[in-house]
Structures are given as C-alpha cells and as structure tokens.
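Trainee: Okay, here's the structure, questions in a sec.
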Amino acid sequence: MRARIGSALGGLVLTPGHLPTIYVTCIAYMANPAGPWDSETVFHSDIASGPALVLSGITALLTWLFVKVEWLRGRWYAVPALLAAAAVLRLTPLAPGL
Numbered sequence: 018m019r020a021r022i023g024s025a026l027g028g029l030v031l032t033p034g035h036l037p038t039i040y041v042t043c044i045a046y047m048a049n050p051a052g053p054w055d056s057e058t059v060f061h062s063d064i065a066s067g068p069a070l071v072l073s074g075i076t077a078l079l080t081w082l083f084v085k086v087e088w089l090r091g092r093w094y095a096v097p098a099l100l101a102a103a104a105v106l107r108l109t110p111l112a113p114g115l
C-alpha cells in the first residue's frame, strides 16, 4: 500500500514537472527564421532550448530521487532523457539555419 501511495505521489510530482519542459521545447521548435536576415529568431530558439535543458535536468534529479526510494521504476528516466535530447538537438544539428 505504501509503495502505491509513493508511486502516485511520484507521478503527480513528475508529470506536471514535465509540462513546462514540453512547452518550452515546443516553443524552441516553432521558432523558424523568415530569412537570412532573421537572426533574432535563431537567438530566441536558443534561449528557449536552454531552460528546457535545465528543466529536464531538474525532473531527472527528481526521478532519480523517486527511483532511489523505490516509489517509481527506472523507465521514468525516459521522459526527461527524451526532452533533453530534443532540446540538445534543437541547439545543435536541428538549429534554425540562417
């Protein structure tokens, strides 16, 4: 019973924690420059990807904590890892080109 309450608590904390990361990552991917003169949009995309990395790191640490106390299984690491990979890809090979 105690493990179920812990799992529910872990899910309730982590799921809303992923929502801002998803939002900021989507904003980074929606920013596309209008042309070679539009360096401001590239800058905004980079600015949006930075907080996405920070937020995924925070949720990864929270996931580690909940896995450590055996409230959640290790598969919860997949969500912050995928979000961090999406943010890193937007900063590097998928960055909006000029």
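Numbering-wise (the numbering used here), the sequence shown opens with residue 18 and increments by one. Built from N, CA and C at the ideal position, the CB exists for glycine as well. All values derive from a computational prediction rather than experimental measurement.
1) Note down, one range per segment and in chain order, each beta strand (DSSP E) of at least 3 residues found wholly within the segment 62–93.
2) Near Tyr46, which residues of its chain fall below 7 Å by C-beta distance, leaving aside the five closest residues on each side in sequence?
3) Are the Cβ atoms of Ala103 and Thr32 separated by less than 8 Å?
4) Please report how far the alpha carbon of Asp55 lies from the alpha carbon of Gly67, in whole angstroms.
5) Just to confirm before moving on: does the CB-CB distance between Pro50 and Val59 stay below 8 Å?
Mentor: In this structure, then:
1) Counting only unbroken stretches of 3 or more residues, no beta strand (DSSP E) element lies wholly within the segment 62–93.
2) Counted from its first residue, the sequence shown places residue 46 at position 29. Within the same chain, and ignoring the five residues on either side of Tyr46 in sequence, the residues whose Cβ sits closer than 7 Å to its Cβ are Arg107.
3) Working through the sequence shown from its first residue, we reach residue 103 at position 86. Working through the sequence shown from its first residue, we reach residue 32 at position 15. No, the pair does not count as a contact, with Cβ atoms beyond the cut-off.
4) Counted from its first residue, the sequence shown places residue 55 at position 38. Counted from its first residue, the sequence shown places residue 67 at position 50. The straight-line gap separating the alpha-carbon atoms of Asp55 and Gly67 is approximately 20 Å.
5) The residue given as residue 50 occupies position 33 in the sequence shown. The residue given as residue 59 occupies position 42 in the sequence shown. The answer is yes: Cβ separation under 8 Å.
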